[in-house]
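Colleague: Protein chains in written order, with the UniProt record's numbering: chain A, 1 to 314; chain B, 1 to 339; chain C, 1 to 348. Below are the structure tokens for one structure; questions will follow.
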Amino acid sequence: MTTTTTPQVASRWSRFRSSYLLYSFKRDLVAQLSLVVFIALVAVAVLAPWLAPMNPYDLAQIDIMSSELPPFWIEGSDPAYPVGTDAQGRDMLSTILYGARVSLIIGFGAVALQAILGVSFGLLAGYLGGRVDAFLMRLADIQLSFSTLMVAIVVGALVKAIFGGATFSAYAVPLLVLIIGLAEWPQYARTVRASVLAERHKEYVDAARVMGFTSRRIMFRHILPNTLSPIFVISTVQVANAIIAEAALSFLGLGMPETQPSLGSLIKSGFDYLQSGSWWITLIPGLVLVVLVLVINLLGDWLRDVLNPRLYKG
Amino acid sequence: MPLLDVNHLDVRFALRRGDVQALRDVSFSLERGERLGIVGESGAGKSVAAFSLLNLIAKPGYIAGGSIHFDGQDLTQMSDRALRHVRGHRMSMIFQDPMMTLNPVLSIGEQMVECLKAHRRISSREARAIALRKLEHVQIPSPSARLDQYPHELSGGMRQRVIIAIALLLDPDIIIADEPTTALDVTIQAEIMALLLELCEQHNVGLILITHDLGVVSQVTQRMLVMYAGRVIEQGPTREIINDPQHPYTQGLINALPQMATPGSRLNQIPGSMPSLDNLPTGCAFHPRCGFIDRADGTTRRACIDEVPGFVTSGNCRVACHMVAEMLERERIPAEEIR
Amino acid sequence: MIAFLIKRLFHALLVMFIISVIAFAIQDNLGDPIQQMVGQSVPESEREILREQLGLNDPFLIQYLRFAGNALQLDFGYSYIFNQPTTEVILRHLPATLELVFSTTLLIVLLSVPIGVYSAIRPRAWLSRFFMGVSIIGISIPVFLTAIMLIQLFAIGVSWSPFPADTGWGAWLNDLITTEGGMPAYGRGDPVPVFGTWATNFASLEGLTYLVLPTVSLASIMLPLFIRLIRAEMLEVLQSEYVKFARAKGISLRRIYFLHALKNTMLPVITMGGVQIGTLVAYTILTETVFQWPGMGLMFLNAIQRSDVPLIITYLMIVGLIFVITNTLVDLIYGLVNPTVKLTGKPA
Chain A
1 MTTTTTPQVA
11 SRWSRFRSSY
21 LLYSFKRDLV
31 AQLSLVVFIA
41 LVAVAVLAPW
51 LAPMNPYDLA
61 QIDIMSSELP
71 PFWIEGSDPA
81 YPVGTDAQGR
91 DMLSTILYGA
101 RVSLIIGFGA
111 VALQAILGVS
121 FGLLAGYLGG
131 RVDAFLMRLA
141 DIQLSFSTLM
151 VAIVVGALVK
161 AIFGGATFSA
171 YAVPLLVLII
181 GLAEWPQYAR
191 TVRASVLAER
201 HKEYVDAARV
211 MGFTSRRIMF
221 RHILPNTLSP
231 IFVISTVQVA
241 NAIIAEAALS
251 FLGLGMPETQ
261 PSLGSLIKSG
271 FDYLQSGSWW
281 ITLIPGLVLV
291 VLVLVINLLG
301 DWLRDVLNPR
311 LYKG
Chain B
1 MPLLDVNHLD
11 VRFALRRGDV
21 QALRDVSFSL
31 ERGERLGIVG
41 ESGAGKSVAA
51 FSLLNLIAKP
61 GYIAGGSIHF
71 DGQDLTQMSD
81 RALRHVRGHR
91 MSMIFQDPMM
101 TLNPVLSIGE
111 QMVECLKAHR
121 RISSREARAI
131 ALRKLEHVQI
141 PSPSARLDQY
151 PHELSGGMRQ
161 RVIIAIALLL
171 DPDIIIADEP
181 TTALDVTIQA
191 EIMALLLELC
201 EQHNVGLILI
211 THDLGVVSQV
221 TQRMLVMYAG
231 RVIEQGPTRE
241 IINDPQHPYT
251 QGLINALPQM
261 ATPGSRLNQI
271 PGSMPSLDNL
281 PTGCAFHPRC
291 GFIDRADGTT
301 RRACIDEVPG
311 FVTSGNCRVA
321 CHMVAEMLER
331 ERIPAEEIR
Chain C
1 MIAFLIKRLF
11 HALLVMFIIS
21 VIAFAIQDNL
31 GDPIQQMVGQ
41 SVPESEREIL
51 REQLGLNDPF
61 LIQYLRFAGN
71 ALQLDFGYSY
81 IFNQPTTEVI
91 LRHLPATLEL
101 VFSTTLLIVL
111 LSVPIGVYSA
121 IRPRAWLSRF
131 FMGVSIIGIS
141 IPVFLTAIML
151 IQLFAIGVSW
161 SPFPADTGWG
171 AWLNDLITTE
181 GGMPAYGRGD
191 PVPVFGTWAT
201 NFASLEGLTY
211 LVLPTVSLAS
221 IMLPLFIRLI
231 RAEMLEVLQS
241 EYVKFARAKG
251 ISLRRIYFLH
261 ALKNTMLPVI
271 TMGGVQIGTL
281 VAYTILTETV
291 FQWPGMGLMF
301 LNAIQRSDVP
311 LIITYLMIVG
321 LIFVITNTLV
331 DLIYGLVNPT
341 VKLTGKPA
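Laid out in structure tokens, this is it:
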């Protein structure tokens with residue numbers, strides 16, 4: 001069975017790739033630029049330990065004397081720190097590279113968790129229907145009506161209160177992945193469920209059932225591939241959302257500690273120095289965050305226009 | 001001068017990869033009170049023709065050439081304001097799917113009154129009175145209650161009656177009905193068609209009936225056009241065309257009717273399918289499906305493949321087919337020789 | 001109508017019950033009230049007596065019922081920080097948040113509808129493209145960052161002359177990027193008292209200036225969302241058969257756009273509005289933090305940082321109540337606009 005389905009999937013994939021997706025990508029300058037910027041940002045973030053001039057986690061490298069130095073185009077800058085230093089004397093360029101890395105790890109991690117939870121719940125709800133469906137969707141409704149960010153803030157606050165500040169800081173990355181992942185699964189679940197409901201009564205699913213396949217096999221082998229394009233589109237938007245959510249939590253002091261900063265906690269720590277004129281400590285990481293989120297959103301917009309999947313509204 | 005006179009109408013859709021021609025060189029006319037059928041498979045350009053008559057083709061479609069003279073004025077040259085005065089007032093339209101045609105959030109009364117008020121300076125009360133009278137004309141049970149109901153409270157057949165009432169609101173000269181019964185249950189189809197016919201005869205309203213149903217056309221209309229791939233290929237009195245179709249395509253359509261097949265045998269389908277408009281065959285667009293082309297002689301066959309056929313007159317009909325033209329030619333020459 | 005209200009009431013009670021269980025579980029597991037009340041020096045035996053007196057050794061269900069009973073009387077105990085009944089603390093902070101939310105909602109409603117409708121009617125116009133471009137940037141900037149940038153631009157001011165000031169265009173460009181600053185961006189100034197704990201920023205010009213930056217920040221993320229939603233829905237509606245039919249009836253375009261199309265567009269937008277109320281509350285926490293706006297969001301964050309459990313719980317309960325009420329209102333409005341809803345159940 002595997003041998004007969006795999007080439008089919010592969011050929012479908014290559015046909016799909018050779019046809020419209022690539023064609024419209026070649027025509028869309030915004031999408032191309034966005035992808036280039038996105039790949040560049042991911043690359044420098046991943047390679048931060050090798051690219052960054054210094055290691056912001058290493059206290060020995062920090063010189064408090066060189067704190068709040070401006071970026072190179074402003075008088076009083078130091079050529080060793082091209083985009084300046086923060087209040088603790090850390091090189092901004094290095095902290096931003098490391099910060100982007102943390103933001104991306106949490107963003108992708110949280111989306112992976114959301115997708116696993118949301119897709120499983122969505123498949124279950126859509127395929128089994130009945131009480132399971134009613135329960136899961138009611139849960140999703142309530143969670144969404146409270147807004148995912150609100151849920152994340154409350155859960156974040158509780159987790160921090162339960163574990164205490166120090167433990168929370170030590171395990172901040174996995175905890176944030178968990179918090180944002182748990183808060184945002186309903187988006188996936190609703191979309192997957194809608195697709196499953198639409199696919200469920202099509203002939204090929206009936207045919208599979210008549211041929212005696214198990215429910216699980218039908219769900220994962222037959223229905224799931226048909227829900228891939230909405231999942232793909234949602235995922236891009238959700239990565240952007242997760243990065244923003246992480247930044248928001250960090251800004252509120254419920255996220256990454258300043259010793260292991262993400263872009264959000266860099267913005268937070270710089271905000272206190274805004275009034276004293278050191279705008280770069282907060283606005284440069286802010287700019288990086290905006291560019292990162294913007295290119296992901298632009299790619300998501302483009303994907304939605306091209307794939308045009310059935311998305312759950314509201 | 002006919003009430004409606006369409007000449008060499010060209011309609012195109014401006015797509016990214018270039019223009020696609022949806023109507024080519026469409027010409028026909030309609031006298032006051034006359035009923036005309038436009039027949040063809042889906043994709044032949046029937047609906048485009050209907051919408052372009054009111055100059056209502058949605059972007060990226062546009063009228064690229066030709067004229068539509070209505071009561072002496074060319075609709076293709078009219079200002080939007082003047083056009084609006086024609087739409088719904090002197091020429092109204094009935095759409096295909098009554099479930100989608102009425103606005104779900106406005107009451108039946110609102111949707112009728114707004115149409116009256118758009119064209120006449122009357123009070124709401126007068127407008128409601130007229131609306132009520134029209135609802136009575138279309139034989140809706142308890143019409144006064146309907147005015148305050150919303151579309152979802154009515155069945156499909158009822159909604160189509162309401163739409164017919166809206167079309168009749170301002171006593172138009174012409175009603176364009178685009179497949180008015182296709183979306184309805186079979187049992188209701190005949191009822192609605194009979195009602196439409198009766199109302200048109202009663203009020204001396206012209207009707208342009210767009211359909212793929214030759215049966216309905218033969219019952220309702222006096223003249224008909226057959227369309228294929230954006231062109232008119234045959235037109236004339238309905239009875240003549242139905243009884244003695246000239247164009248191979250029209251013949252195919254009539255032969256494909258279930259009542260033309262011997263019981264128990266297969267239906268006589270035309271092989272192949274309508275070409276897409278952006279990839280038309282050369283010459284006569286029907287030639288790849290034409291069953292007669294093999295029987296034609298060399299020159300005619302080459303003409304079918306290379307040249308777009310012009311119209312020839314056969315009886316009271318006009319036909320665009322090289323083979324019919326060649327046949328007529330042959331008939332004419334011996335006649336002259338005999339003399 | 002009555003059936004609808006009863007159904008909604010039942011739903012609301014269910015949601016409030018869930019929230020109260022969560023809130024109670026938080027109270028039960030976090031923060032030892034004895035610790036907060038008496039401090040470290042009191043011996044364990046005395047604490048045990050106190051615990052017994054307060055009923056902290058009772059079974060979970062009894063404790064929950066006591067909690068729920070008090071909650072129904074809006075009694076959630078005392079805030080550790082303020083040493084006052086938590087409901088009083090909340091009531092004092094409520095007006096600031098409500099005023100901020102009100103002015104933001106006003107801004108969103110007044111701008112999103114015309115902009116969304118315009119960019120749907122003229123999808124290819126440069127202005128529409130501009131709005132769409134700005135809105136995707138708006139969505140991509142986190143609300144606290146917008147707030148920070150607004151503070152830099154309009155409260156602190158920018159004096160930066162990267163272009164040669166001795167040339168005409170250089171000076172002009174320098175002027176263009178130079179901003180005065182001076183807008184208030186900290187707290188809400190001196191609001192005019194109305195009655196009780198309610199003091200308003202709407203009563204004076206100075207009060208209004210304090211509202212400007214927080215309102216713009218809060219609106220900056222919701223406004224693009226609604227513009228995009230309205231545009232997308234309107235574009236879809238404009239393709240519908242009933243809009244074509246309305247045009248075939250010879251009705252004016254204005255009536256088609258603003259009655260036929262807009263009314264149908266608003267249905268999903270209203271639903272979305274209900275969903276976004278929660279997001280708006282979440283964003284008030286961020287906005288209030290940046291501007292030190294003395295509302296419930298800032299209060300909540302302080303309560304979290306100082307582990308003021310009763311205050312956290314009261315905030316959650318009150319915010320939950322606000323959600324439930326506004327969601328019911330939104331459903332009611334939806335039912336009034338959409339004739340296919342009989343206000344007895346879901347739309348057909």
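Even glycine gets a Cβ: it sits at the ideal position worked out from N, Cα and C.
Is the Cβ of V337 (chain C) closer than 8 angstroms to any Cβ of chain B?
Modeller: Judged by the 8 angstroms Cβ criterion, V337 (chain C) is in contact with chain B.
Colleague: My assumption, with CB atoms under 8 angstroms, is that P288 (chain B) sits in contact with G272 (chain B). Please give the rounded CB distance.
Modeller: With 8 angstroms as the limit, P288 (chain B) and G272 (chain B) qualify as a contact, their Cβ atoms being about 6 angstroms apart.
Colleague: Spatial neighbours of V20 (chain B) within its chain, please: C-beta separation below 6 angstroms, excluding the five flanking residues on both sides.
Modeller: So the list reads F13, L277, D278, once near-sequence residues are dropped.
Colleague: So, using beta-carbon positions, are L136 (chain A) and F121 (chain A) closer together than 8 angstroms?
Modeller: Cβ distance < 8 angstroms, so L136 (chain A) and F121 (chain A) count as in contact.
Colleague: Does the Cβ of S79 (chain B) have 16 or more other Cβ atoms within 10 Å, making it buried, or fewer, making it exposed?
Modeller: Per the 10 Å Cβ criterion, exposed.
Colleague: Helix, strand or coil for V330 (chain C)? Go by DSSP, reduced to three states.
Modeller: Here V330 (chain C) sits in helix by DSSP.
Colleague: Cβ atoms of S94 (chain A) and A56 (chain A): under 8 angstroms apart, would you say?
Modeller: The question names Ala, yet the displayed sequence has Pro at residue 56 (chain A). Yes, they are a contact pair.
Colleague: Quick check: is the beta carbon of S147 (chain A) nearer than 8 angstroms to any beta carbon in chain C?
Modeller: It does; some Cβ of chain C falls within 8 angstroms.
Colleague: For A282 (chain C) and M150 (chain A), which I take to be in contact (beta-carbon distance under 8 angstroms), what is that distance rounded to the nearest angstrom?
Modeller: Confirmed, Cβ separation roughly 4 angstroms.
Colleague: Output the distance between the C-alpha atoms of T271 (chain C) and V330 (chain C), rounded to the nearest integer angstrom.
Modeller: The straight-line gap from Cα to Cα measures roughly 7 angstroms.
Colleague: Here's the rule: buried if 16 or more other CB atoms are within 10 angstroms of the residue's CB, otherwise exposed. What is P347 (chain C)?
Modeller: Interpretation of P347 (chain C) is limited by its pLDDT of 41, a score under 50 that renders its predicted location unreliable; the figure taken from the coordinates is listed afterwards. Flag for P347 (chain C) reads exposed.
Colleague: Below 8 angstroms, how does it come out for the stretch 217-225 of chain C and the stretch 137-156 of chain C: are there three or more Cβ pairs, yes or no?
Modeller: Counting Cβ pairs under 8 angstroms, three or more are found: they touch.
Colleague: On the premise that G206 (chain B) lies in contact with L83 (chain B), defined as a C-beta separation below 8 angstroms, what is that separation, rounded to the nearest angstrom?
Modeller: So it is not a contact: roughly 18 angstroms between Cβ atoms.
Colleague: Label K26 (chain A) either buried or exposed according to how many other C-beta atoms from any shown protein chain fall within 10 Å of its C-beta, with 16 as the threshold for buried.
Modeller: Answer is exposed; the Cβ neighbour count stays below 16.
Colleague: Please report the straight-line C-alpha distance between S27 (chain B) and L9 (chain B), rounded to a whole angstrom.
Modeller: Cα-Cα distance, rounded: 6 angstroms.
Colleague: Looking at the strands, I want to know which residues DSSP matches up with L21 (chain B).
Modeller: The residue asked about is misnamed: residue 21 (chain B) is Gln in this sequence, not Leu. Bridge partners of Q21 (chain B): B:R12.
Colleague: Does F102 (chain C) come out as helix, strand or coil in the three-state DSSP assignment?
Modeller: Helix at F102 (chain C).
Colleague: For S92 (chain B), go through chain C and note every residue whose CB falls closer than 8 angstroms to its CB, in chain order.
Modeller: Ordered by position in chain C, the residues that pass the 8 angstroms Cβ test against S92 (chain B) are A248, K249.
Colleague: Against chain B, which members of the stretch 255-271 of chain C pass a CB distance test of less than 8 angstroms?
Modeller: So the close ones are R255, L259, H260, K263, N264, L267.
Colleague: So within the stretch 136-194 of chain C, which uninterrupted alpha helix (DSSP H) runs reach at least 4 residues, ignoring any that extend past its ends?
Modeller: Runs found: 143-150, 168-177.
Colleague: I need the boundaries of the beta strand (DSSP E) containing L175 (chain A), first residue and last residue.
Modeller: Segment 172-200 is the alpha helix (DSSP H) holding L175 (chain A); no beta strand (DSSP E) there.
Colleague: Please go through the same chain and pick out, in chain order, the residues whose beta-carbon is closer than 8 angstroms to the beta-carbon of A58 (chain B), but skip the five residues on each side of it.
Modeller: Excluding sequence neighbours, A58 (chain B) sits near F51.
Colleague: Give every residue of the same chain whose Cβ lies closer than 7 angstroms to the Cβ of E331 (chain B), excluding the five residues on either side of it in the sequence, and list them in chain order.
Modeller: Nothing meets the Cβ criterion.
Colleague: By DSSP, does L54 (chain B) sit in helix, in strand, or in coil?
Modeller: Reduced to three states, the DSSP call for L54 (chain B) is coil.
Colleague: For chain C, check one thing: does any of its Cβ atoms lie closer than 8 angstroms to the Cβ of R84 (chain B)?
Modeller: Yes, because at least one Cβ of chain C sits closer than 8 angstroms to the Cβ of R84 (chain B).
Colleague: Say whether chain B places a C-beta atom closer than 8 angstroms to the C-beta of T287 (chain C).
Modeller: It does not: the Cβ of T287 (chain C) has no partner Cβ on chain B nearer than 8 angstroms.
Colleague: Any beta carbon of chain B sitting closer than 8 angstroms to that of P128 (chain C)?
Modeller: Pro is not the amino acid found at residue 128 (chain C); the sequence shown has Ser there. Chain B, which has no Cβ nearer than 8 angstroms to the Cβ of S128 (chain C), makes this no.
Colleague: Do the stretch 161-175 of chain C and the stretch 284-292 of chain A touch if we need at least three Cβ pairs shorter than 8 angstroms?
Modeller: These segments do not touch.
Colleague: List, in chain order, every chain C residue whose beta-carbon is nearer than 7 angstroms to that of G286 (chain A).
Modeller: Residues of chain C passing the Cβ test: L145, I148.
Colleague: Can you find a CB in chain C that lies within less than 8 angstroms of the CB of C115 (chain B)?
Modeller: Cβ-Cβ to chain C under 8 angstroms: yes for C115 (chain B).
Colleague: Using the C-alpha atoms, what's the distance from V295 (chain A) back to D97 (chain B)?
Modeller: Answer to the nearest angstrom: the Cα atoms are 43 angstroms apart.
Colleague: Measuring alpha carbon to alpha carbon, tell me which of B:F292, B:S314, B:T313 ends up nearest C304 (chain B).
Modeller: That would be B:F292, whose Cα lies nearest to the Cα of C304 (chain B).
Colleague: Please list the terminal residues of the continuous alpha helix (DSSP H) segment that includes A282 (chain C).
Modeller: A282 (chain C) -> alpha helix (DSSP H) spans 262-291.
Colleague: Can you pull the DSSP bridge partners for Q73 (chain B)?
Modeller: Answer is B:F70, bridged to Q73 (chain B).
Colleague: Mind checking N201 (chain C): buried by the 16 CB within 10 Å criterion, or exposed?
Modeller: Looking at its Cβ environment, which holds 16 or more other Cβ atoms inside 10 Å, N201 (chain C) is buried.
Colleague: What's the C-alpha gap between K313 (chain A) and Y64 (chain C)?
Modeller: Any answer about K313 (chain A) is weak, because its pLDDT of 41 lies below 50 and its placement is not dependable; what the coordinates show is given next. K313 (chain A) and Y64 (chain C): Cα-Cα distance of roughly 38 angstroms.
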